[in-house]
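Chains as they are written, first to last, in the numbering used here: chain A, 1 to 116; chain B, 1001 to 1113.
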């Protein structure tokens, strides 16, 4: 069975500094996708970044980058130059490419607080 | 132009009542989902429909019944509401393509008293 683990319930970071949010996953599938979502206090789910299991390069989207280490089964999110608006819950999620209807399996989430 | 919309946004009701949450997407996606986010913020898949056909039913109690009248709509009906049903329910849709994200609705906050 697939599983996502986020071991940091809460994180603090100073404004303008970089922060890494940890995510490890467990799957026996060869083809899968990894996602990060942001959920601000307003509640909506905002897609941030995607990494495919066969992607050779780490994904980047603006200030977000994904540190993908396949052998270690980790997909950490790096946010550079943190902003006050980055304060939110962050969820790592995984999807099996071929099976299970494309459902997302989520981690427990990490609550990030950015200090001015 | 809301991509995935849900109604109502908030729902407060008594234990034992029956309620429905509606979801509509105007993105032309074939696949739609219902997720439940509990009080600890944990998100879990409940159901998935592909072109009006049920493809995922994740051991959800029979009191929950999804209905998809067409591929743009996926409604969730809940019978005999219990305190433990209090949660945020998210509808989502997804286009074809392995790299595609799911597009989430704004969520419906259900409180059962």
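Just so it is clear, CB atoms sit at the ideal spot from N, CA and C, and this is done for glycine as well.
Minimum Cβ-Cβ distance from residue i to chain A less than 8 Å
i, result
"residue 1059 of chain B", "no"
"residue 1048 of chain B", "yes"
"residue 1043 of chain B", "yes"
"residue 1078 of chain B", "no"
Three-state secondary structure assigned by DSSP to residue i
i, result
"residue 62 of chain A", "coil"
"residue 1107 of chain B", "coil"
"residue 1076 of chain B", "strand"
"residue 26 of chain A", "strand"
"residue 55 of chain A", "coil"
"residue 96 of chain A", "strand"
"residue 1085 of chain B", "helix"
"residue 112 of chain A", "strand"
"residue 43 of chain A", "coil"
"residue 957 of chain B", "An answer regarding residue 957 of chain B cannot be provided, because it is not within the stretch 1001 to 1113 covered by chain B."
"residue 101 of chain A", "helix"
"residue 33 of chain A", "strand"
"residue 1113 of chain B", "coil"
"residue 1096 of chain B", "coil"
"residue 1028 of chain B", "coil"
"residue 1016 of chain B", "coil"
"residue 10 of chain A", "strand"
Buried or exposed by the 16-neighbour rule on C-beta atoms within 10 Å, applied to residue i
i, result
"residue 54 of chain A", "exposed"
"residue 1087 of chain B", "buried"
"residue 1037 of chain B", "buried"
"residue 1059 of chain B", "exposed"
"residue 1085 of chain B", "buried"
"residue 1107 of chain B", "buried"
"residue 113 of chain A", "exposed"
"residue 1 of chain A", "exposed"
"residue 85 of chain A", "exposed"
"residue 1047 of chain B", "buried"
"residue 109 of chain A", "buried"
"residue 1003 of chain B", "exposed"
"residue 1102 of chain B", "buried"
"residue 83 of chain A", "exposed"
"residue 1074 of chain B", "buried"
"residue 1093 of chain B", "buried"
Min CB distance residue i to chain B below 8 Å
i, result
"residue 104 of chain A", "yes"
"residue 30 of chain A", "no"
"residue 6 of chain A", "no"
"residue 108 of chain A", "yes"
"residue 120 of chain A", "The question about residue 120 of chain A has no answer here: the residues shown for chain A are numbered 1 through 116."
"residue 33 of chain A", "yes"
"residue 10 of chain A", "no"
"residue 101 of chain A", "yes"
Item to check | Contact set between the segment 1013-1036 of chain B and chain A, restricted to residues whose Cβ is under 7 Å from the partner | outcome: 1031, 1033
Checklist entry - Between the segment 1087-1113 of chain B and chain A, which residues of the former have CB atoms less than 9 Å from a CB of the latter, in chain order? => result 1088, 1090, 1092, 1094, 1098, 1099, 1100, 1101, 1102, 1103, 1104, 1105, 1106, 1107, 1109: these are the residues of the segment 1087-1113 of chain B whose beta carbon lies less than 9 Å from some beta carbon of chain A, given in chain order.
Item to check | Meets three-Cβ-pair contact criterion under 8 Å: the segment 54-70 of chain A and the segment 1002-1018 of chain B | outcome: no
Checklist entry - Does the segment 6-22 of chain A touch the segment 79-99 of chain A, meaning 3 or more C-beta pairs lie closer than 8 Å? => result A contact exists between the segment 79-99 of chain A and the segment 6-22 of chain A.
Checklist entry - Do the segment 19-27 of chain A and the segment 73-88 of chain A make contact, defined as three or more Cβ pairs closer than 8 Å? => result These segments touch.
Next on the checklist: Taking contact to mean 3 or more Cβ pairs, one atom from each stretch, closer than 8 Å, check whether the segment 57-65 of chain A and the segment 1023-1040 of chain B are in contact.
Outcome noted: no
Checklist entry - Which residues, in order along the segment 43-62 of chain A, keep a beta-carbon less than 8 Å from a beta-carbon of chain B? => result Listed in sequence order: 43, 44, 45, 47, 50, 52.
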